[in-house]
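Residue numbers (UniProt numbering): 1 to 136. The C-beta atom is built at its ideal place from N, Cα and C for all residues, glycine as well.
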Amino acid sequence: MASTLSELTNKSITLLTCDGRLITGTLLGYDQLQNLILKQSYEKVYSMEAPVEKVELGLFVVRGDNVAVISEVTTADDGKDEDVRAEPIPPINATFAQLDVLQILLGYLRLEGFHAFPKRKGKTSKWRNKGSDIDN
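Printed below as a string of structure tokens:
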């Protein structure tokens, strides 16, 4: 990711934070933890009752572990959503890393003969055959 961030330095970017904030600004710098420094930044606040509200932030620091998505902004993209009314972006609860670990674990258990939902064969399941006291 660091090579991508170096390509975005001094360019206009939009980022989505894990708590659902949409922030646009010029990427001034970053560090090894992907903490970002933005200048001339603002947040777009969406609502169903009113058009998009731009909240000026100025010089702004974002913690790297709070960044969900980063995208470069072209001048053609900026300002097209001034009349848009939309629901606010909800917070991101599960990280992709947590989902990947769960998928790997389930795949490993299937290779070992376990099933997340054991198939019923008579009254005994594979869980019982592997030494568990779990009944269906």
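Pair within 7 Å by beta-carbon distance, residue i and residue j
i	j	result
D31	P51	no
T26	K39	yes
I37	V61	yes
I23	L33	no
I70	C18	no
Residues bridged to residue i [DSSP beta-bridge criterion]
i	result
T26	S12 and K39
V55	E43
D67	The residue you asked about is not Asp; residue 67 is Val in the sequence shown. In the DSSP output, where bridge partners are listed per residue, V67 has T17.
Straight-line gap, residue i to residue j (C-alpha atoms, nearest Å)
i	j	result
S41	M48	23 Å
S6	E53	30 Å
T9	D65	19 Å
A68	I13	13 Å
E72	E87	23 Å
L28	Y46	26 Å
Check: residue i C-beta below 6 Å from any heavy atom of the ligand SAM
i	result
T26	Ligands in the displayed structure: none, and consequently the ligand SAM is not present.
Burial state of residue i, where buried means 16 or more other Cβ atoms lie within 10 Å
i	result
R85	exposed
R63	exposed
D133	Legend: pLDDT at D133 = 49, less than 50; position of this residue unreliable, value from coordinates given subsequently. The residue in question, D133, is exposed, as its Cβ has fewer than 16 Cβ neighbours within 10 Å.
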